[in-house]
Each structure stands twice: as structure tokens, then as C-alpha cells.
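Reading through the C-alpha cells given below for one structure.
There are 2 protein chains.
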Amino acid sequence: MAATLKDVALAAGVSIKTVSNVINDYQHIRADTKQRVMEAIAELGYSPNLSARSLRSGRTGVIGLAVPELSLSYFAELAGSIIKAAERRGLKVLIEQTGGDRSHELEILSSPRLQMTDGLLFSPLGMSNEDAHHLNVNFPLVLLGERIFGGPTDHVTMSNVESARAATAHLLSKGRRRIAVVGAHEGEVIGSAGLRLQGYRQALEEAGIAFEPELVAYTTFWHRANGARSMRELLEAGVAFDAVFGMNDTLALGAMRVLQEAGRRIPDDVAVIGFDDLDEGRYSLPTLSTIDPGRDEIADTAVRVLQERISGRDGETPPREFEARFQVIERESSALPA
Amino acid sequence: MAATLKDVALAAGVSIKTVSNVINDYQHIRADTKQRVMEAIAELGYSPNLSARSLRSGRTGVIGLAVPELSLSYFAELAGSIIKAAERRGLKVLIEQTGGDRSHELEILSSPRLQMTDGLLFSPLGMSNEDAHHLNVNFPLVLLGERIFGGPTDHVTMSNVESARAATAHLLSKGRRRIAVVGAHEGEVIGSAGLRLQGYRQALEEAGIAFEPELVAYTTFWHRANGARSMRELLEAGVAFDAVFGMNDTLALGAMRVLQEAGRRIPDDVAVIGFDDLDEGRYSLPTLSTIDPGRDEIADTAVRVLQERISGRDGETPPREFEARFQVIERESSALPA
DNA sequence: CGCCTATCCTACAACGTTGTAGACTCACCT
DNA sequence: AGGTGAGTCTACAACGTTGTAGGATAGGCG
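If you read the sequences in order, they're chains A and B.
All residue numbers for the first sequence refer to the numbering used here, where the first residue is 1 and numbers rise by one.
All residue numbers for the second sequence refer to the numbering used here, where the first residue is 1001 and numbers rise by one.
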């Protein structure tokens, strides 16, 4: 059986509360009392019962993180960053996988399954902007991602429009003029796909190049297979292009594969850039140019903001939006001018 | 404020304990009483306080998972599988990252930081067999991975030797005779690298082929960069080979990249097989043959065994070893006979 | 008719912790 | 000498839940 405050108190010849005070660094304790208590703690190998502490304090020191799937590299890396950020602030992270499924996401918001957390970092994929009102919950919630904007909670996101514009501008700076896009979502305005497409169009416009619908490939998901399939369709349709903007690295890698099978040289014939800065792109053949969306900054901000909401220090501060700084990373896949 | 049993009891006109009984499906409750309580619960939006429940029952319903890094694809996918397996059994998962660092791993075993979990799934990377005694802890612990064998706890692992033998045999069956290995660890006997090298040698021996030390490339880590560097060294040393066994997919992908840069055709000139069945290998160019180590089975077994230890049903059952079933997956990288 | 058992419900204590209120000592000031 | 205040410590209650013991009612049996 684990030792309790009572056992330590008995061993040290003091009251339970004094032991509690020692543990919580209460100021006014005589040095020798403190010493005796510390010794008793060490001897009995005492450590506080966190359930009891939580019951008393109403805090668990645990935050929840809901992501679609850890097998999606972006979310695995995000989760890793968040765990590190949480650790720096003395918090533990409990991870839920939603599968990117809207009903599963709503269930997580409403069900009492995460009663053992102080708050939630929520990265939905299936929900859309019309679901924003579901974010009105009675626990601290910080929204991640690009599915919902202007919701009732704090929101940490990447600069989708601007970084997509920068990615496109990067390809333009290499002299590319017919830039295909892979991963658009039919009719989407808000959401990673919609915003990144918007950035793409802005860059074209600034360069005085007409937007050509035939260069846009639509997919439902953002897996490698989707990137590969889209590229196959573009090639079969006989669309001419000298560059590809993959809406994420995974799509770009899938597209690259098909391009190479078809005998197109990268970057000589077609320059490629992705989005996310996954580890994988650093070792692909050729290495993949990409956008570093500032994952560590997103993680750090999200945890910080959630902790502020949990502590209640910020009172009734209205919902805030945070955009992480991004960076264009040029690698082999876009190194050559056309 | 969240509703408590007391509030519900008051609203339903029954005792606190009756509400508790309704929630816990106690048998002898009159239908109409139950009905009234349920209504009160629904109306007040009551949900149990898990801290209080934990304090009372001594169980939290949370298990810990300690892995090196979620940015390593294998562990991200393993974590995903484990979360799903845990969910099926009504458990939540709290993830720690050790960084694969021995001292950090030991700290997790000794420190009281995971007092809020009922048990731990532990996948060390830095610890070695001599550290086995550190696994003697006073909480339920299930060991994962290949770093330690014969320790004092239950252990779930993949069939390293046999599946490495099967991978090698697969290459042999394609007529390959000079099979390079990438990812060996100098002097290691136990551990993924040592065991897989052993399987490689067994397969050679069975085929009556001499083991050639010059075909073995040593690395300290198993990242893509290591696979790439090893392959560069092999090529520079002028060693002849017609196949490569990468000790994991990441190494194999790194090696493939360098092979292609050097103008070797895969699988025509060099057949390649990896190990882990990562999603990435399914979309590489060419697609990567690999070993499916039975990740879901590992996850499911690990969670099941841990839950058994937690419930104490198994009493003083001695430590058990579990080996998941593996499978050779042939893809393009090894499809052609030499 | 009285006893026994099954059903349905309640009061109370306990899990281990921390906040509150207050007791006691001692030095210091008026 | 009495009052004040800081320092040190303790007793008690409370957080919300569940196990234990037992009370009340009703039906079945000898």
C-alpha cells in the first residue's frame, strides 16, 4: 500500500496538515520540523495521491488533445510538440483520436468522457464552420486547425492564406507559370484546402497570371494515395503544367511519385512544393520543398492559452485568434529555375 | 458549477446512494424510481466526477504509454493502435515522450509523475538488458520492444529473429545472393538490431550462403539519414550486392534514395526490403517491400495484459512473453527475380 | 399467524487531500 | 504589565464518490 499523509505525519510526529504544508512549500515551518517531515517522506517513499488532490482542488493537471489520427504524420508531429510544450508547463496530455469524423468529434465535445482533464485542445477535421456553436462548451477549449473560424473559443492556427501565397510565389520566382494545385476541396471556402487555394489565387493575381480551373485537382482526403491519383488524372487529361503545389507534403509526395513514374524530371520539368515540413520530405528523392507552418509555435501557444483559460486569470477575455509564423523551405524539388 | 449526486438526489427525491446505484446499474431498483433518477440526471446534465470516483476506487481508468518520440513514424502508429485498443477496453491513454534517452526512461520508472495512471506501457530505447532490474516497480508495467528480454514484467514484442529471417529468405527466393544489411548496431546481441541481424544470418545459413561482414552497415540511429549515409558508404567502399535488407522502413527508404541517385535500378539491380510496414512505404517510388510486425496485435495484447495485471485477476502469475505474428509484404522494391 | 427471504431504499463512513479558523508561543512595543 | 503581531502548528470540515450495514415493506411458507 502506498503511504499517505497520515503515515508520514505519524512517522514525523506532526499533524497531517503540517506534512501537507511542507509538501506545498508553505512558508512558516521551523527548519527542524521540515527536516523531520522530509526524512519521513523519503523513508516511506510517500508521494501524493493525485486523485485526492484533484478532488480537493478541482484540477487534474491533465489536458486533452483530440486529433484525427496519429498515423497521419502531421498530427503525430503536432502531438509530439504539444506533449513537449505541456511538459514545460507541468501538464500531462491525454490523446483522443476522432478519425476526422464529424459525429465522433461532436461526441467528444458533448460526452463527459474527458472529465478527468482540465481542458481540451481540439483539432477537428470533419466539423465545418456551421458547427461552430458546438464549441460552446462549459470547459476550457482551444481550437486548432483551419476548419472553423470566428468560433466562440480561442483559436490557434497557421497562416494558411499567406503561406500558400508564399509557396506559390516561390514557384513563380523560379519562372514557373502553369502551377497545378493538388488537394482542393470542392466548394470549400473555410478550411485548410479553401484557404490555401485562396492564397494560391492571390499569388497568381499579384503576378498577373490568370487562374485556370483545369490546373486544380480536387481530392476528398489528403493521403498519399489522393495525391497520386490526382496527378494521374492531370496527366491523363493532358493538362500542361511546369509546377505543382501540394496542399500538404503527403499529397506532394504522392504526386511526385506519379510524376517520376511518368518520366517527368523534378525539378527540371516540374517543380514541386508541399506544405507542413514533415520529416519525410527531408529524405525523399528529390527532397521536398515545403512550408514550415510553425508547428512548435502553434503547440506552445495553444498550451499557453489553454492554461490561461484554465487558471481563469484572463476572466472574460473574448476569444482570440493566433497565427503562427511560417517559413518557405526550399529543397531540391523546386531548386531549379524553369 | 457541475451537478453532483447530491443535486440529482434532491431533484429526484431519493438518497444520494440510490442515484449512485442507478448509475452503476445496481439490480434492485424499482422501474419508476430509476426512471425519475434518469430524468433528473438528464435534466441537470449530471456526469460523475472522475477524481472522486478514482479516489474512492483506487482506479483512474487511464494508462500511461512511454515511447521515445511521436515524430518517429513507427511509434506514432503504435501509439495510435494502442489508443484504439485502450478505447475498446474503456481506458484512456496518457503519452510520455522519453526521447529514447536512458536516464529519462529510468526517471519515468522511478518518479511519481504518473500517479494518475493505473499502469504503464513502456517502450524503452536507451535502456539495455542490464537495466532490467529497474523494471521492478510497484505498479503494473508491461514492457514493449526489443531492448530487454527476460525482465521481471510481462513483455509484448514482435518476432524479430523469425521475421528478419523471413525478410532475408524472401530476398533469397528472388535469386539474390549478396544481401547488404543496413542498421546493425556494433556488438549488440539483444535489441531490435541484434535480433534482426541474427535472423538475417540464420536465413543465410539455411541457404548455405556464407556471411560476409563487409555487407553489414552499422548505424547508431535508425533515421532516414542513417540509411542514406550507410548506403553511400557501401557504394563508396565498392562492395558488390544485389539486395538490401533495411532493419526498418525508414532506413530502407533512406538507402533507396541513395541507390537511385547512384543510378541503381530497384528492384532490377538491387532488391530492397524494409521492416515495420509504415504507411510511407506504401507510396514510395518504388513501393517498399516490408515486414508487417503485427502492430495491432501488439497493441491489443499489451493493453489486454496490462488490464489483467491492473485488475489483479491473475494474481502472482509469473512474467509472460508474447510474440505477435508477422507477415512478409511484397511490393515493388523486391518484386523481380534477379 | 409468525417467520423468513427478497426487494428497495437510506444513513453513515471512508478514500487522501487542502482551506479555514484558531490555539499557542515568543518577541517586541507601549 | 498588558497588548500586538508574527511565526508555528493543529483540528476540523469539505471535495464527490461508493461500500457496508441495516431499515422498511411485501410476499411466500410452514
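Here a beta-carbon is modelled for each residue, glycine too, at the ideal position from N, C-alpha and C.
Query                                                                                                                    : Result
Extent of the continuous alpha helix (DSSP H) run through VAL1022 (chain B)                                              : 1016-1023
Unbroken stretches of the beta strand (DSSP E), 3 residues or longer, contained in the segment 176-223 of chain A        : 179-184, 216-218
Contact set for PRO139 (chain A): own chain, Cβ-Cβ below 7 Å, skip 5 residues either direction                           : Note on residue identity: the sequence assigns Phe, not Pro, to residue 139 (chain A). Within the same chain, PHE139 (chain A) has close Cβ partners GLY119, LEU120.
The segment 1143-1160 of chain B / the segment 1317-1328 of chain B touching (three or more Cβ pairs under 8 Å)          : yes
Interface flag, ALA1079 (chain B) vs chain A, CB-CB below 8 Å                                                            : yes
Three-pair Cβ contact test at 8 Å for the segment 86-95 of chain A versus the segment 276-284 of chain A                 : no
Same chain, Cβ closer than 7 Å to ARG1224 (chain B), neighbours up to 5 away in sequence not counted                     : THR1250, LEU1253, GLY1254
Where LEU251 (chain A) meets chain B, residues with beta-carbon distance less than 9 Å                                   : Simply none; closest approach about 10 Å.
Beta-carbon neighbours of ASP279 (chain A), restricted to chain B and to distances below 7 Å                             : SER1071
THR220 (chain A) burial status per 10 Å Cβ neighbour count (16 or more: buried)                                          : exposed
Proximal residues of chain A, C-beta to C-beta of LEU1094 (chain B) below 9 Å                                            : VAL62, LYS92, VAL93, LEU94, ILE95
Contiguous beta strand (DSSP E) assignments of at least 3 residues, all confined to the segment 1245-1287 of chain B     : 1271-1273
Where HIS1133 (chain B) sits in the DSSP three-state scheme                                                              : helix
is_contact[GLU1261 (chain B), chain A] using C-beta, thresh 8 Å                                                          : yes
Under 8 Å (Cβ pairs) to chain A, residues found in the segment 1280-1305 of chain B                                      : GLU1280, ARG1282, TYR1283, SER1284, LEU1285
7 Å CB neighbourhood of ALA193 (chain A) in its chain, flanking five on each side removed                                : GLY183, ALA184, HIS185, MET247
Where THR60 (chain A) sits in the DSSP three-state scheme                                                                : coil
Contacting residues, own chain, Cβ-Cβ under 6 Å from LEU1235 (chain B) (five flanking each side not counted)             : ALA1262
ASN49 (chain A) versus GLY61 (chain A) - alpha carbon distance                                                           : 13 Å
Residue closest to GLU1206 (chain B), alpha-carbon to alpha-carbon, out of B:HIS1170, B:GLU1214, B:PRO1213               : B:HIS1170
Short CB-CB distance (under 8 Å) between GLY1254 (chain B) and chain A                                                   : yes
Close Cβ partners of ALA271 (chain A) (< 6 Å) along its chain, the five nearest in sequence each way excluded            : LEU171, LYS174, ARG176, ALA243, SER334
Rounded straight-line distance, which links the Cα of ARG165 (chain A) to that of ARG59 (chain A)                        : 43 Å
Burial state of GLU1039 (chain B) (16 or more Cβ within 10 Å)                                                            : exposed
Contact set between ALA52 (chain A) and chain B, taken where Cβ atoms lie within less than 7 Å                           : LEU1055
Neighbourhood of GLU1419 (chain B) by C-beta, 6 Å cutoff - its chain only, sequence neighbours within 5 removed          : No information on residue 1419 (chain B) is available, as it lies outside the stretch 1001 to 1338 that chain B covers here.
Under 8 Å between C-beta atoms of ALA1180 (chain B) and LEU1125 (chain B)                                                : no
CB contact check: ALA1228 (chain B) to chain A, cutoff 8 Å                                                               : yes
Rounded separation between GLY1116 (chain B) and ARG1313 (chain B) - CA only                                             : Checking the sequence, you will find Met at residue 1116 (chain B) rather than Gly. Spanning the two alpha carbons is a distance of roughly 21 Å.
Beta-bridge pairing of MET1158 (chain B) - partner residues as DSSP gives them                                           : B:ALA1324
Segment limits, beta strand (DSSP E) that includes GLN1097 (chain B)                                                     : 1092-1097
8 Å Cβ cut-off: residues of chain A touching ILE1083 (chain B)                                                           : LEU70, ILE95, GLU96, GLN97
Three-way DSSP call (helix, strand, coil) for THR1117 (chain B) in this model                                            : coil
Buried/exposed call for PHE75 (chain A), threshold 16 Cβ in 10 Å                                                         : buried
VAL189 (chain A) classed as buried or exposed, judged by whether at least 16 other C-beta atoms fall within 10 angstroms : exposed
Below-8 Å beta-carbon distance, ARG264 (chain A) vs any chain B residue                                                  : no
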